[in-house]
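Visitor: For what it's worth, the working numbering labels the leading residue of the sequence shown as 603, then goes sequentially.
Just so you know, even glycine gets a beta-carbon here, dropped at the ideal spot from N, CA and C.
Please read all numbers here as calculations on a predicted model, not as lab measurements.
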Amino acid sequence: MSGKILAIFIVATALIFGAGVYYFQVFYYYTKVADDAGEVALTPLGGGAPQHIAYTDFQGIDASSSPIRFRGCFSTPERPQALDERFERYEGAEPRNAPFWFRCFDAEAIGRQIETGEAHVYTAQRNIEYGIDRVIAVTGDGQGYIWEEINECGDKAYDGTPLGEDCPPRE
Numbered sequence: 603m604s605g606k607i608l609a610i611f612i613v614a615t616a617l618i619f620g621a622g623v624y625y626f627q628v629f630y631y632y633t634k635v636a637d638d639a640g641e642v643a644l645t646p647l648g649g650g651a652p653q654h655i656a657y658t659d660f661q662g663i664d665a666s667s668s669p670i671r672f673r674g675c676f677s678t679p680e681r682p683q684a685l686d687e688r689f690e691r692y693e694g695a696e697p698r699n700a701p702f703w704f705r706c707f708d709a710e711a712i713g714r715q716i717e718t719g720e721a722h723v724y725t726a727q728r729n730i731e732y733g734i735d736r737v738i739a740v741t742g743d744g745q746g747y748i749w750e751e752i753n754e755c756g757d758k759a760y761d762g763t764p765l766g767e768d769c770p771p772r773e
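#1: Terminal residues of the continuous alpha helix (DSSP H) containing Cys675?
#2: Does Tyr747 come within less than 7 Å of chain D when only Cβ atoms are used?
#3: Considering only residues of the segment 742-767, which uninterrupted beta strand (DSSP E) runs meet the minimum length of 3 residues and lie entirely inside it, listed in chain order?
#4: With DSSP as the reference, label Gly620 as helix, strand or coil.
#5: Among residues of its own chain, excluding the 5 on either side of His654, which ones have a beta-carbon nearer than 6 Å to its beta-carbon?
#6: Applying the 10 Å Cβ sphere with the 16-neighbour rule, what's the burial state of Gly771?
#7: In chain order, what residues of the same chain have a beta carbon less than 7 Å from the beta carbon of Phe704, not counting five sequence neighbours either side?
#8: Pick out whichever of Gly650, Ala609, Thr678, Ala665 has its Cα sitting closest to the Cα of Tyr630.
#9: Could you spell out the range, first to last residue, of the alpha helix (DSSP H) harbouring Arg714?
#10: Is Ile610 helix, strand or coil when you go by DSSP?
#11: Using only the alpha-carbon positions, how far apart do Arg679 and Gly744 sit?
#12: Taking only runs of the beta strand (DSSP E) that begin and end inside the segment 628-702, which ones reach a length of at least 3 residues, in chain order?
#13: Can you round the beta-carbon distance between Ala695 and Val737 to whole angstroms, since I take them to be within the 8 Å contact cut?
#14: If we ignore side chains and look at the alpha-carbon of each, how far apart do Ile748 and Lys758 end up?
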């Protein structure tokens, strides 16, 4: 009889621990980002400080537990063709999944729009944190999405590879 009780205790403990880990990963660490945070800005062609673009309906989340957990959605009157003439494109961006409850950010749908050319991805800010770039995708119908990408220097820094001359010094 005591073996059954011990087995039930172990299973119950594992379930409670698993539920706690799930809660912390999906809900606890995330906070909403205020609309006035000025997150919607793009890097001009030729470099320079990011410039704000017109937007409405901003929704954003971030978490202090990881440098790549920032996600945002917004609407803009700007279209990719007009933005291409003024702002730096970002190649190789792949949106990462957002928590299921942050419904405006569907990484699979955004990825398909990027692949088909319906959405163009722009550099918002390089090295917002060492090795992390913020990028913004804008679709033909004026929907915008923000997330963060690990750049080449970040890949090297996090896996221990020597940084090389192209990477800025770590602070």
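Guide: Judging by the given coordinates:
#1: To locate residue 675, count along the sequence shown from 1; it is residue 73. That residue, Cys675, is in no alpha helix (DSSP H); its beta strand (DSSP E) goes 673-677.
#2: This model lacks chain D altogether; it includes just one protein chain.
#3: 745-752
#4: Along the sequence shown, one-based indexing puts residue 620 at 18. Reduced to three states, the DSSP call for Gly620 is helix.
#5: Your numbering for residue 654 matches position 52 in the sequence shown. If we look at His654 and ignore the five residues flanking it on each side, its Cβ neighbours are Ala643.
#6: Taking the first residue of the sequence shown as 1, we reach residue 771 at position 169. The question names Gly, but residue 771 is Pro in the sequence shown. Counting Cβ neighbours within 10 Å, Pro771 comes out exposed, since fewer than 16 surround it.
#7: Stepping through the sequence shown from its first residue, residue 704 is reached at position 102. Same-chain partners within the cutoff: Ile663, Arg673.
#8: Along the sequence shown, one-based indexing puts residue 630 at 28. Ranking the options by Cα distance to Tyr630, first place goes to Ala665.
#9: Within the sequence shown, the letter at position 112 stands for residue 714. Run containing Arg714: 709-718, per the alpha helix (DSSP H) assignment.
#10: On the sequence shown, position 8 is the one that residue 610 refers to. DSSP places Ile610 in helix when its eight states are reduced to three.
#11: What you label residue 679 is simply residue 77 of the sequence shown in a count that begins at 1. What you label residue 744 is simply residue 142 of the sequence shown in a count that begins at 1. A quick correction: the sequence has Pro, not Arg, at residue 679. Answer to the nearest angstrom: the Cα atoms are 6 Å apart.
#12: 632-634, 658-665, 673-677
#13: Indexing the sequence shown from 1 puts residue 695 at position 93. Indexing the sequence shown from 1 puts residue 737 at position 135. With a Cβ gap of about 5 Å, Ala695 and Val737 count as contacting.
#14: Walking along the sequence shown from the start, residue 748 turns up at place 146. Walking along the sequence shown from the start, residue 758 turns up at place 156. If you take the alpha carbons of Ile748 and Lys758, they lie about 23 Å apart.
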